[in-house]
Amino acid sequence: MGLLQRIFIQTAKIVKTAKGLLRITIKGVRFFFSGLDRASIRDLETVVQKGGRYILCSFYYLREYKSKRLMDFIKKFNLQLLVDSGEFSAYKARMNGKKIEKISLKEYADFILTFKDYIFGYFNLDVTNDAKKSKANFEKLKKATGIAPIPIWHPNVNDWTQSDWMGLDQLVNEDHAVIGIGATVHMGLKAGPRLMTTVKDSLFNEIFTRHPLQNFHWLGGSSKIICKYPFFSSDSSGYLQGRRKHQVYYFDGKDISTRIDTKQDRYECLSDNVQILSSLECLTGGF
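Remember, the numbering used here sits 800 above the position in the sequence shown when you count from 1.
As structure tokens, this is what we get:
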């Protein structure tokens, strides 16, 4: 491990885990491009052409809209897929009165096994508002696939200070290589659009103050907060706003920001976004 540290001293960090083991982790934020579950071929091609090699897809949509075309594309370009179960999407759909079948644990496990050669990792099949069943699903999926899923911790959306901090502590003490942080997309909405980032910033400041050495994946995050904290990885479909609204990401060497650029073609804006976000692994301290 000491030799590895010397070799990767500029690009990696070695930390002692909760169980006393040593873990080597590449610095920089690995960005996963989400929102491609039902994307056009042109969107997929743009991601690949501009350096995107990691994508996140929801099994909720892969199951509903069939996944053959997407999986064929992933195989062709040797992309790495991070899979979200989509249970929260299904839960929200049912709450809105839609007749949506619950995500089947067996169906989810079978998908992971079928495409395991192309899967970077997958998130646990959480049961909304039921930590005990979520834990049980974790163990069942691990046994069925032989691959441990990535657990997800959900803060209190209405008041992050009242989150289940003991639950987060427990996950960290279980020594997971990566822990997902979910349910933050609409966090701070009551405070107003301009203050949403401030609310999320306060949440992540608390998380990383408590657990500065843990690898966290931010589900649905692509704001400037990415560069402020040592995230292991994140995902977002925000880059697609380049094609939709000419919204372009900029990185000044320290912070990431967005602006509207109507002088460029919308697919040029999309291309710029992919290039910036796929480079975060290098720009923020990696290779």
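All C-beta atoms, glycine included, are put in the ideal place defined by N, C-alpha and C.
Closest to SER1002 by C-alpha separation, out of ASN1015, MET987, PRO993, would be which residue?
Looking at the Cα atoms, MET987 is the closest of the given residues.
With hydrogens ignored, establish whether the beta-carbon of SER1079 is closer than 7 Å to any heavy atom of the ligand NAP.
Judged by which ligands are present, the structure shown has none, so any question about the ligand NAP falls away.
For PHE859, is the classification buried or exposed, using 16 other Cβ atoms within 10 angstroms of its Cβ as the cut-off for buried?
PHE859 sits buried, since 16 or more C-beta atoms from the chains shown fall within 10 Å of its C-beta.
Residue from PRO951, VAL972, SER1036, TYR1029 with nearest C-alpha to GLY835
Closest option to GLY835, Cα to Cα, is SER1036.
Report the three-state DSSP secondary structure of GLY921 (helix, strand or coil).
GLY921 carries a strand assignment under DSSP once its states are collapsed to helix, strand and coil.
Report the three-state DSSP secondary structure of ILE947 (helix, strand or coil).
Assignment of ILE947 by DSSP, reduced to helix, strand and coil, places it in the coil class.
May I have the straight-line CA-CA distance separating GLY980 from SER1033, to the nearest angstrom?
Straight across, the Cα-Cα distance linking GLY980 with SER1033 is about 9 Å.
Cα-Cα separation between GLN1041 and ARG894, rounded to whole angstroms:
The straight-line gap from Cα to Cα measures roughly 27 Å.
Cutting at 6 Å between CB atoms, please list the residues of its own chain near PHE873, excluding the five before and the five after it.
Contacts found: LEU844.
Quick one: Cα of HIS954 to Cα of GLY828, how far?
Taking the straight line joining both Cα atoms gives about 23 Å.
By DSSP, does PHE873 sit in helix, in strand, or in coil?
It is helical.
For TYR1067, does the count of other Cβ atoms within 10 angstroms reach 16, so buried, or fall short, so exposed?
Counting Cβ neighbours within 10 Å, TYR1067 comes out exposed, since fewer than 16 surround it.
Whole-angstrom distance between ASN956 and GLN962, CA atom to CA atom:
GLN962 and ASN956 have their C-alpha atoms some 6 Å from each other.
Enumerate, from N- to C-terminal direction, the unbroken alpha helix (DSSP H) stretches of 4 or more residues contained entirely within the stretch 809-888.
Counting only runs of 4 or more residues that sit fully inside the stretch 809-888, the alpha helix (DSSP H) segments are 841-849, 859-865, 868-877, in chain order.
Per DSSP, which residues does TRP1018 bridge with? Please list them.
TRP1018 pairs with ILE981, SER1034.
Please return the same chain residues whose Cβ sits closer than 7 Å to the Cβ of THR846, not counting the five positions on each side in sequence.
Answer for THR846: TYR1067, LEU1070, SER1071, VAL1074, listed in chain order.
Extent of the continuous beta strand (DSSP E) run through SER1057:
Note, SER1057: beta strand (DSSP E), 1056-1060.
Is there contact between the stretch 988-1007 and the stretch 1017-1029, where contact requires at least three CB pairs shorter than 8 Å?
These segments touch.
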